[in-house]
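Peer 1: For the record, in the sequence shown the residue sitting at position 238 is 263 according to this note's numbering, with numbers rising by one throughout. Okay, here's the structure, questions in a sec.
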Amino acid sequence: MTIHQQDFQEGRSTRAMPIEVPAQRPGPMSRVAVPGAAPAAPRAVPRPVPVPAPARTGHRFMIYKQDPSVTELGARLTFVPTVVLNGPTDARVRTEMQGVTPVARNVNGDFVFPMGSPQFDCAHTFAVVRQAMAMYERHNGGNPIPFAWNVGGNTDRISVFPHAGVGANAFYSRTAKALKFLFFTPEGQPPTTVVHTCRSFDIVAHEMGHALLDGLKPGWLSAAGPPQTGGLHESFGDLTAIFLALAQPDQAEALIALTKANLHDKSFLADVAEEFGRALGMPSGLRNADNDLKLSQVGNEVHAISQVFTGAIYDVLADMCMFEMARQRRTKDPALVLIETASALCRLVFDAIVASPATGARYVDVANKMLQMSSGRGDPAIYRTFIRNRFAVREITTAATPLTDLMSGQMKMTEADYTGDGQDITEVEALDGLSASLRAEQDRSRCCGTMQMPEYQVVDPEKLAKRGSLEDDDILREDLDELRRAFSK
Ligand SMILES: [Zn+2]
């Protein structure tokens, strides 16, 4: 099979919703109904001057902007500017659904299928996984980010299972080299009501965040680390969902319009995993990024600890946006300011995480890297003030500069040089070195499926930190060693 082969995908679903997709070239028959309708023939228009052809091809995918329950956003067409084979499969990601994959591109070379069909779920999940990876690769200087097993020339892909089985969860497994998305019927609902976790943009982005972070910091997933290190993993997943949404111009524009450019207004952005959360009886989604939690309120429960970090970064984002929107109000559209500011902060968080310790990383380590890198890249001093304030208010770090202005609502949000007391400090201390979030065992009971995988609980932390493939026997190592000793007597 060659990559240029245009296979025709039959529509298989009976309860699918019709979608209209514009043809690539405008013309009287330019709207192509999906599935099955004959494609419009492009109208031949003479072009005496040669048209420059794009260097590389790409494909269109239809994805949910958030999830099926966020009806004000719905679904949209997205362009993936890399070669994707039937599957969908490319050099890094493959899709697996029994009886369905490989899903073939349609006659236009696109992965566009009726909403509600298994083919749609494959295409949506692949596209969101790919976009999350592309976002961080851009921040990584355009360089590929290895999966944890991509060592010594290994190029094994990650396998994505959109309908992996029944359950109210989703997870990343290094052993399986896979992302698995489960589906379930919420309690009290008729059996026909099925929530597919793969249909949530947030959940797919969150789980892919775990996979990418495990490639970058293989020593962070082990349950033997301090709760804050586990919190960084959970938070990175949620931040991936938030930053990926804000990397999409239509979502950024919708957010600005829905909230009148106030990021603290209740919105789909801060509510992560809406449909999934509602199905579990949590009206604000699975977790709320725009929260006010402090470290003293969350003990050693890793999911709650993660919300403290996510909340601090979200507040920094809101502060930076307020500053930049005021500064650029006469020169730039607010949606564009939001996209650029979110991208700059995402890059800063990404770089700070990469530069943080390989094991046992604490929130204060990431905060200090953010402060130093922000200074190094020449950001306005007020950016560092935002970072110091937000980490201090959440009891993560000491307040190196007074919080008086912030807490009395007097902060000068538009003064680029504002530091509180004239000092642009780039090194702060952990507020409480004895905090349970640093000292206790990790309680992962309320985390996503990834954090609860046995492989991250029982495999030797040093082995995890080294990168490389894991086998099932690595998980059972202790039992096997014991048996070996017993049987050799
Ligand atoms: Zn997670």
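Note that beta-carbon positions come from the ideal geometry of N, C-alpha and C, so glycine has one too.
1. When burial is assigned at 16 or more other CB atoms within 10 Å of the CB, is S513 buried or exposed?
2. Here's a check: name, in chain order, each residue in its chain whose Cβ is nearer than 6 angstroms to the Cβ of A277, leaving out the five neighbours to either side.
3. With hydrogens ignored, establish whether the beta-carbon of E259 is closer than 7 angstroms to any heavy atom of ligand 1.
4. Quick test of your reading: F334 and S260, contact by CB under 8 angstroms. State the CB separation rounded to the nearest angstrom.
5. Please name the residue in L294, G244, I330 and A425 whose C-alpha comes closest to that of D92.
6. Measure the C-alpha to C-alpha separation of L396 and D376 and round it to an integer number of angstroms.
7. Out of I338, L489 and D227, state which residue places its alpha-carbon closest to the alpha-carbon of L370.
8. Do you know how far the Cα of V374 is from the Cα of A392?
9. Less than 8 angstroms between the C-beta atoms of T284 and D290, yes or no?
10. Could you give the C-beta distance for H11 and C473, rounded to a whole number, given that I count them as a contact under 8 angstroms?
11. Pick helix, strand or coil for Y197, following the three-state DSSP scheme.
12. Can you list the alpha helix (DSSP H) stretches of 4 or more residues lying completely in the stretch 312-362, in chain order?
13. Restricting to Cα atoms, I'd like to know which of Q332, V118, D468 and T439 is closest to P252.
14. Should C472 be listed as close to ligand 1, given that the test is whether its C-beta is under 7 angstroms from any heavy atom?
15. Looking at G240 and I170, is the spacing between their C-beta atoms short of 8 angstroms?
16. Tell me which residues share the same chain as R119 and place their Cβ nearer than 6 angstroms to its Cβ, disregarding the 5 neighbours each side in the sequence.
17. How should M521 be labelled, buried or exposed, when 16 other C-beta atoms within 10 angstroms of its C-beta is the threshold for buried?
18. If distances are taken between C-alpha atoms only, which option among G306, D404, L269 and A425 comes closest to G213?
19. Check whether the stretch 422-431 touches the stretch 211-228, taking contact to mean three or more Cβ pairs, one atom from each stretch, closer than 8 angstroms.
20. In the structure shown, what three-state DSSP assignment does L505 receive?
21. Could you give the DSSP three-state label for S399: helix, strand or coil?
22. Going along the chain, which residues of its own chain have a beta-carbon closer than 6 angstroms to the beta-carbon of G234, five neighbours each way excluded?
23. Look up R372 in the DSSP assignment and say whether it is helix, strand or coil.
24. Rounded to a whole number of angstroms, what is the C-alpha to C-alpha distance between Q477 and F196?
25. Between R518 and S400, what straight-line distance do the alpha-carbon atoms span, to the nearest angstrom?
26. Under the rule that 16 or more other beta-carbon atoms within 10 Å means buried, what is C437, buried or exposed?
27. Just to confirm, are F226 and I88 a CB contact at a threshold of 8 angstroms?
28. Buried or exposed: which applies to T126, given that a residue is buried once 16 or more other Cβ atoms fall within 10 Å of its Cβ?
29. What is the DSSP secondary structure of D499, counted as helix, strand or coil?
30. For a test of your reading of the model: does the CB of M476 fall under 7 angstroms from any non-hydrogen atom of ligand 1? Yes or no.
31. Report the three-state DSSP secondary structure of M122 (helix, strand or coil).
32. Could you check if Q123 is buried or exposed, using at least 16 other CB atoms within 10 Å of its CB as the buried criterion?
Peer 2: In terms of the structure at hand:
1. exposed
2. L271, A360, L363 and I364
3. yes
4. 4 angstroms
5. Each of L294, G244, I330 and A425 was checked against the Cα of D92, and the nearest Cα belongs to L294.
6. 11 angstroms
7. I338
8. Rounded to the nearest whole angstrom, the CA to CA distance from A392 to V374 is 9 angstroms.
9. Yes, Cβ-Cβ distance for T284 and D290 is below 8 angstroms.
10. Outside the displayed range of the chain (26 to 514) lies residue 11, so it cannot be described from this structure.
11. strand
12. 327-352
13. D468
14. Checking the Cβ of C472 against ligand 1 gives yes.
15. yes
16. So the list reads G112, R182 and S184, once near-sequence residues are dropped.
17. Nothing about residue 521 can be read from this structure; the chain reaches only from 26 to 514.
18. G306
19. These segments do not touch.
20. Residue state for L505 is assigned as helix, using DSSP reduced to three classes.
21. helix
22. F261, G262 and T265
23. helix
24. 9 angstroms
25. Absent from the model: residue 518. The displayed extent of the chain is 26 to 514, so no value can be given.
26. The amino acid at residue 437 is misidentified as Cys; the sequence shows Lys. By the 10 Å Cβ count, K437 comes out exposed.
27. yes
28. buried
29. The answer is helix: DSSP assigns D499 an H, G or I state.
30. yes
31. Coil, per DSSP.
32. exposed
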